[in-house]
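**Student:**
Number of protein chains: 2
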Amino acid sequence: MSVQKPSIPKGTRDFGQKEMARRNYIFDTIRSVFRTYGYQEIQTPAQENLSTLLGKYGEEGDKLLFRILNSGDAFGSVDFDKPLTPQVCEKGLRYDLTVPFARYVVQHQSEISFPFKRFQIQPVWRADRPQKGRYREFYQCDVDVIGSRSQVNELELVQMVDTVFGKLGVRVCIHINNRKVLTGFAEIAGAPDKVVDITVAIDKLDKIGLEKVKEEMADKGLEAGGIAVIEQILSLSGSFGEKLAAMKALFNGGSASGVVSETGLKGLGELEELFGLMDAAGISAPVEMDLSLARGLNYYTGAIFEVKALDWEIGSICGGGRYDNLTGIFGLPDLSGVGISFGADRIYDVLVGLELFPANLEQATTLLFAVMGADELRYVLPVAKALRGAGVAVEVYPEATKLKKQFDYADKKAIPFISINGSSEIEAGTVNIKNLQSGEQKAFAVSALQEILAFLS
Amino acid sequence: MSVQKPSIPKGTRDFGQKEMARRNYIFDTIRSVFRTYGYQEIQTPAQENLSTLLGKYGEEGDKLLFRILNSGDAFGSVDFDKPLTPQVCEKGLRYDLTVPFARYVVQHQSEISFPFKRFQIQPVWRADRPQKGRYREFYQCDVDVIGSRSQVNELELVQMVDTVFGKLGVRVCIHINNRKVLTGFAEIAGAPDKVVDITVAIDKLDKIGLEKVKEEMADKGLEAGGIAVIEQILSLSGSFGEKLAAMKALFNGGSASGVVSETGLKGLGELEELFGLMDAAGISAPVEMDLSLARGLNYYTGAIFEVKALDWEIGSICGGGRYDNLTGIFGLPDLSGVGISFGADRIYDVLVGLELFPANLEQATTLLFAVMGADELRYVLPVAKALRGAGVAVEVYPEATKLKKQFDYADKKAIPFISINGSSEIEAGTVNIKNLQSGEQKAFAVSALQEILAFLS
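Protein chains in written order, with my numbering: chain A, 3 to 459; chain B, 3 to 459.
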């Protein structure tokens, strides 16, 4: 066998100790918050049948699915006059956690107690063109509740977002809108058939500015009067109560078109209820009714959320919304749900950028026993064992090499304590432990476990 | 879109809340032990280049690799007169954690401090025929140290096995042998070229018995005198010291062939050192030098391990060994390492079989606030928030439906406490909490967080 220069597929990553410690810190924080709200963890397989995945993410999404060649003789009975891919690939890699969740709910509906509160933290794969911050394998952290239309669910998602970022020390603003309100925009703009066009255009307000948004709506055939109505909406400002009152007036026939939008009013009612619940529960982060928030996905039907870091420019780090028919495609209609997804990679970048990772995360080992010879080795083994039993991460250097090399090892691994023992310690029944940061050194009886633990902590 | 009956690919599994809680219990236990020995977690991508994977697992293994169709127009520039698979698939799914680990070490050698102690807990995929207990997607938990030939590393692996199964409450026997000793068998049996044949045969001793093992060795061309030597070895019994002394005599020319095996003696020396270290450190589980232990994999060069549950028949639940040239194929020769792998699915089955999972694992939520109306809902939200802040898993039922339905929900989710509050509680500023197991019910001031926590714990 010839020697290969090793590499990994483009768009994928290895995670070493330091990155893993940081990633686990994020996942563990998120997971611990999900758990205090009674959300249950599930996992689904990396491979799903292509029939489950195809057609769920639009034409572009279908192209970005990683397909798995059928095992065995995939090309054995292929008709070469027909497209080959569908004949040789029946499975694909999970593209997100939402479709597998919908599939899971339908497949396991008889075992599930509704409302079903689940979270899921697993990698997904997309054959996107890799670029900075965009990977072909990345983790999603999704939390959803399905089987209840109550705004209490929306509230809980906001509370979880608030708690997670509070624990991580990231100041965020939570942006909230409602898909029914967006429908209302189109209705009072006199273009109820143009909801998607209007939504797509105003979603870009932040990036391209009002004039370009208006141009785009005009290009899509929205008439001047309609554009004026949308402009009026987007220029609303003030508190939630002020915006709400203004929007209510507009949806009640107060716009230039005079159209009344029942759907829009329903959306405002949901927002009003949610903001009332947030007041009752108490949310620490600022929450904004953001009438320009649209989010791309077409399956949202109620509340939509997006979370932005206040002190670091990176776009949305968390987002989601309510959907009314996610499980319909798998044969279980009319099951309303709401969920959000935490963007682990972006949150990681924010924590690096703002230097918010706890300092001790990277210290894997607390104490290294340096080893001078076979007798010294045997002497420290029971001490190491006792300390590990007490939960301390302890290493025993495996070779009796030069002390310089053992110190270097401690240094490279950022191990804060070292213990070097020779024949005199063995005779005295003690271990010497040195704090490599402060220089403080102390001898302990080998049996003085509590004192050693105190010195190490 | 037509309605599809949802399913997942054969050989794969969904894991619900109960299974996840149990699996996490196993992984968390293993992980916590690895960490007290200073092992560092890494993760590698699910997809590896096929050039990394092919040829590493034998011909059979190559067939069992899941191959991923190239993205874009995979069949666009294909030569149909040549085999198609290599032209349309450049990547495959991880088959085990060992080859990716070797690839990782070589690729990141400049960033690594050797000896490098790593663990990795990730799924692997094999296109095996699915059957009971054999899956196409399953987790491996591997722990390895690379860059040191010291038997201290073997000792640590045994210690970790001992501690993990001690924590899980599973009584095990740790079987140890040495690949060099197996080479010695072949040498003193007069058939140094038949190590693999002899190894493969005696590995089946447990399953097929001595007579069939002898037949198989005869079929492979081992002569009667050689077979007699192997039989003599396999019939050795007694303590480690007794077996060791007997083997030393045989390898020193005391067998019927009179051949001296330096390799065999070296293997015995390693075993002697390891057993001495185990004595010094103290191992709770029984450890047996098992001269019939061979393990299939050809890359082992020193110690080999296998762990069996004493109270549940399921085969090996953990195994591994020392290898001297794992990274050679990727261009980094002469780096010796040793590792073991915990079989999570089998350990799961043992814990189910012996009823060793802690009882409270399945309880996700501690307290359910039942909801009678909008006012009651708002009233309990701050209490729920405070309890969650103290780490208690609390749910607020999202709809003001019939109490019967809310009780059913608590029952199905095995929630042990329920709180039902109406206008009288709001007036009094109290919450009522009932222990659903004991029937005990108590009223607390909403501000009496510590008392509520005590009642719930």
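Ideal Cβ placement from N, Cα and C applies to all residues, glycine included.
Are there three or more Cβ pairs, one per stretch, closer than 8 angstroms when the stretch 168-178 of chain B is compared with the stretch 27-44 of chain B?
**Tutor:** Yes: at least three Cβ pairs fall under 8 angstroms.
**Student:** Considering only the beta carbon of each residue, do Ser257 (chain A) and Ile190 (chain A) sit closer than 8 angstroms?
**Tutor:** A contact, by the Cβ cut-off of 8 angstroms.
**Student:** Quick one: is Met374 (chain A) near chain B, going by C-beta distance under 8 angstroms?
**Tutor:** Cβ-Cβ to chain B under 8 angstroms: no for Met374 (chain A).
**Student:** Using 8 angstroms as the limit for Cβ to Cβ distance, is Tyr59 (chain B) near chain A?
**Tutor:** So, not an interface residue.
**Student:** Taking the alpha carbon of Ala129 (chain B) as the reference point, which residue from B:Val183, B:Asp144, B:Asp64 has its own alpha carbon closest?
**Tutor:** Nearest option by C-alpha distance: B:Asp64.
**Student:** Which full runs of the alpha helix (DSSP H) of 4+ residues lie inside the stretch 53-139 of chain A, going along the chain?
**Tutor:** Runs of the alpha helix (DSSP H) inside the stretch 53-139 of chain A: 60-66, 87-90, 100-109.
**Student:** If you pair each beta-carbon of the stretch 142-150 of chain A with each one of the stretch 337-348 of chain A, do three or more pairs fall below 8 angstroms?
**Tutor:** The answer is yes - the stretch 337-348 of chain A touches the stretch 142-150 of chain A, with three or more Cβ pairs under 8 angstroms.
**Student:** Determine which residues of the stretch 300-324 of chain A have a Cβ less than 9 angstroms from any Cβ of chain B, and write them out in chain order.
**Tutor:** Here the close residues number zero.
**Student:** Checking contacts by CB at 8 angstroms: is Lys206 (chain B) closer than that to chain A?
**Tutor:** Not an interface residue.
**Student:** Any C-beta of chain B sitting closer than 8 angstroms to the C-beta of Asn155 (chain A)?
**Tutor:** Chain B, which has a Cβ nearer than 8 angstroms to the Cβ of Asn155 (chain A), makes this yes.
**Student:** Between which two residues does the alpha helix (DSSP H) carrying Tyr399 (chain A) extend?
**Tutor:** Looking at the DSSP string, Tyr399 (chain A) is not in any alpha helix (DSSP H), and its letter there is neither H nor E.
**Student:** Expressed to the nearest angstrom, what Euclidean distance is found between the alpha-carbon atoms of Val373 (chain A) and Lys182 (chain B)?
**Tutor:** Approximately 27 angstroms between the Cα atoms of the pair.
**Student:** Would a C-beta distance cut-off of 8 angstroms place Glu272 (chain B) and Gly243 (chain B) closer than the cut-off?
**Tutor:** No; because the gap between Cβ atoms is not below 8 angstroms, this pair is not in contact.
**Student:** Nearest by alpha-carbon distance to Ala430 (chain B): which of B:Ala416, B:Lys84, B:Leu356, B:Ala445 is it?
**Tutor:** Here the closest residue by C-alpha is B:Ala445.
**Student:** From the DSSP output, in three-state form, read off Val183 (chain B) for me.
**Tutor:** Here Val183 (chain B) sits in helix by DSSP.
**Student:** According to the Cβ coordinates, are Tyr39 (chain B) and Glu158 (chain B) closer than 8 angstroms?
**Tutor:** Contact: yes.
**Student:** Below 9 angstroms on C-beta distance, what does Arg24 (chain A) contact in chain B?
**Tutor:** Per Cβ cutoff of 9 angstroms: no residues; Arg24 (chain A) is ~11 angstroms from chain B at best.
**Student:** At least one CB of chain B closer than 8 angstroms to the CB of Tyr97 (chain A): is that the case?
**Tutor:** Cβ-Cβ to chain B under 8 angstroms: no for Tyr97 (chain A).
**Student:** With a floor of 3 residues, list each beta strand (DSSP E) that falls wholly inside the stretch 342-380 of chain A, ordered by position along the chain.
**Tutor:** For the stretch 342-380 of chain A, whole beta strand (DSSP E) runs of length 3 or above, ordered along the chain, are 369-371.
**Student:** Work out the CA separation of Glu308 (chain A) and Lys209 (chain A) for me, nearest whole Å.
**Tutor:** The alpha-carbon atoms of Lys209 (chain A) and Glu308 (chain A) are separated by roughly 15 angstroms.
**Student:** Could you name the residues of chain B that Thr87 (chain A) contacts, counting a contact when the two beta carbons are closer than 8 angstroms?
**Tutor:** Going along chain B in sequence order, the residues near Thr87 (chain A) (Cβ under 8 angstroms) are Leu71, Ala76, Phe77.
**Student:** For Ile44 (chain A), decide whether its Cβ has a neighbour in chain B, counting only Cβ atoms nearer than 8 angstroms.
**Tutor:** Output row for Ile44 (chain A): interface = yes.
**Student:** What does His177 (chain B) reach in chain A if we use C-beta pairs closer than 9 angstroms?
**Tutor:** Under the 9 angstroms cutoff, chain A gives no residues; its nearest Cβ is about 22 angstroms from His177 (chain B).
**Student:** Quick check on Leu369 (chain B): buried or exposed, where buried means 16 or more other Cβ atoms within 10 Å of its Cβ?
**Tutor:** The residue in question, Leu369 (chain B), is buried, as its Cβ has 16 or more Cβ neighbours within 10 Å.
**Student:** On the three-state DSSP scale, how would you describe Met3 (chain A)?
**Tutor:** Caution is warranted here: a pLDDT of 48 is assigned to Met3 (chain A), below 50, making its placement in the model unreliable, and the coordinate value is therefore given only provisionally. Coil at Met3 (chain A), not helix or strand.
**Student:** Alpha carbon to alpha carbon, how far is Gln111 (chain A) from Tyr301 (chain B)?
**Tutor:** Computed Cα separation, rounded: 47 angstroms.
**Student:** Which residues in chain A sit within 7 angstroms of Lys415 (chain B), going by Cβ to Cβ distance?
**Tutor:** Here the neighbours are Ser115.
**Student:** Give a yes or no on whether 8 angstroms exceeds the smallest Cβ distance from Cys91 (chain B) to chain A.
**Tutor:** So, interface residue.
**Student:** Less than 8 angstroms between CB atoms is the rule here; does Val398 (chain A) satisfy it with respect to chain B?
**Tutor:** Yes, because at least one Cβ of chain B sits closer than 8 angstroms to the Cβ of Val398 (chain A).
**Student:** Strictly below 8 angstroms CB to CB, what residues from chain A border Gln109 (chain B)?
**Tutor:** Simply Pro8, Ser9, Ile10, Asp16.
**Student:** Strictly under 8 angstroms for the Cβ-Cβ distance: is Tyr39 (chain A) near chain B by that measure?
**Tutor:** So, interface residue.
**Student:** Provide the residue span of the alpha helix (DSSP H) that contains Val262 (chain B), from first to last.
**Tutor:** Element bounds for Val262 (chain B): n/a, residue is neither H nor E.
**Student:** Helix, strand or coil for Ala386 (chain B) per DSSP?
**Tutor:** Of the three classes helix, strand and coil, the one that applies to Ala386 (chain B) here is helix, per DSSP.
**Student:** Compute the beta-carbon to beta-carbon distance between Asn180 (chain B) and Gly255 (chain B), rounded to the nearest angstrom, for a pair I have assumed lies under 8 angstroms.
**Tutor:** With a Cβ gap of about 20 angstroms, Asn180 (chain B) and Gly255 (chain B) do not count as contacting.
**Student:** Which residues bound the alpha helix (DSSP H) around Gly227 (chain A)?
**Tutor:** Here the alpha helix (DSSP H) through Gly227 (chain A) covers 226-236.
**Student:** By the 10 Å Cβ neighbour count, where 16 or more other Cβ atoms means buried, how is Gly94 (chain A) classified, buried or exposed?
**Tutor:** Buried, since its Cβ has 16 or more Cβ neighbours within 10 Å.
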